[in-house]
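Reviewing the structure listed below.
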Amino acid sequence: MLSSVAFSDSGDGYVALFNGEDLQGWQGATQNYTVTDGAIQCKAGKGGTLYTEGVYSDFTLRLEFKLPPAGNNGLAIRYPGEGDPAYSGMCELQVLDNSSPKYAGIDPRQYHGSAYGIVPAERGHLNPVGEWNSQTITVIGHSIKVELNGVIILDADLSEVNDYLDDKPHPGKKLLSGHFGFAGHKDPVAFRNIFIKEL
1487 MLSSVAFSDS
1497 GDGYVALFNG
1507 EDLQGWQGAT
1517 QNYTVTDGAI
1527 QCKAGKGGTL
1537 YTEGVYSDFT
1547 LRLEFKLPPA
1557 GNNGLAIRYP
1567 GEGDPAYSGM
1577 CELQVLDNSS
1587 PKYAGIDPRQ
1597 YHGSAYGIVP
1607 AERGHLNPVG
1617 EWNSQTITVI
1627 GHSIKVELNG
1637 VIILDADLSE
1647 VNDYLDDKPH
1657 PGKKLLSGHF
1667 GFAGHKDPVA
1677 FRNIFIKEL
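The sequence shown maps to residues 1487 to 1685 in the working numbering.
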């Protein structure tokens, strides 16, 4: 169900979740995010989950994001409004500067586009740091598909996965509805042109 503060319909069934000016329609760690040059940006050194007032089941969502060097954030999928989105929600889709030496040697399930700690995404399709990337996420039932800059990098049924990073369970992966949000990890990652279409 779309929140009453969802913004204009683009004509193809997508509705804007962000008005480009302020955090109207968002809740959670609003004090740790700012709107700069038409984009939502996590404040450096701050964190916490910023999430929509609306709750969604099956949907396609598209957005653009820009990473700073070594940038780290995440997309909270079907987030229940509390807890760590990587575990309490369906999943956290990693948003990460894969090219940073800081992340050399991390588990494949921690790189950009991965369902964090659950399923790894294909690497090699991020634009250079400081450039905008376009990403589309489709969530239907227990399945999730991620398209980055025109390339499908993840297509998985999370209900079929039982092997997790550090053997840490993901009880939220069975959720069939929840909020969409950003799981800020203290880096100034920016997001803009955020649109959702319910399926």
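Cβ coordinates follow ideal geometry from the N, Cα and C atoms, glycine included.
Computed from a predicted structure; not experimentally measured.
Three-state secondary structure (DSSP) of Asn1613: coil
Length at least 4, wholly inside the stretch 1557-1609: the alpha helix (DSSP H) runs in chain order: 1571-1574
Per-residue burial, Met1487 [other beta carbons within 10 Å of its own, 16 or more giving buried]: Because the pLDDT at Met1487 is just 36, under 50, the model does not fix this residue reliably, and the point stays unresolved.
Rounded separation between Leu1640 and Val1625 - CA only: 11 Å
At least 3 beta-carbon pairs within less than 8 Å: the stretch 1518-1530 vs the stretch 1645-1665: no
Pick from Leu1553, Arg1595, Gly1670, Gly1591 that is closest to Leu1536, judged by C-alpha positions: Gly1670
Nonlocal neighbours in the same chain, by C-beta distance under 8 Å from Leu1612, ignoring five residues either side: Leu1553, Asp1583, Asn1584, Ser1585, His1598, Asn1619, Leu1634, Asn1635
C-beta atoms of Ile1630 and Leu1644 nearer than 8 Å: yes
Beta strand (DSSP E) segment containing His1665, residue limits: 1665-1671
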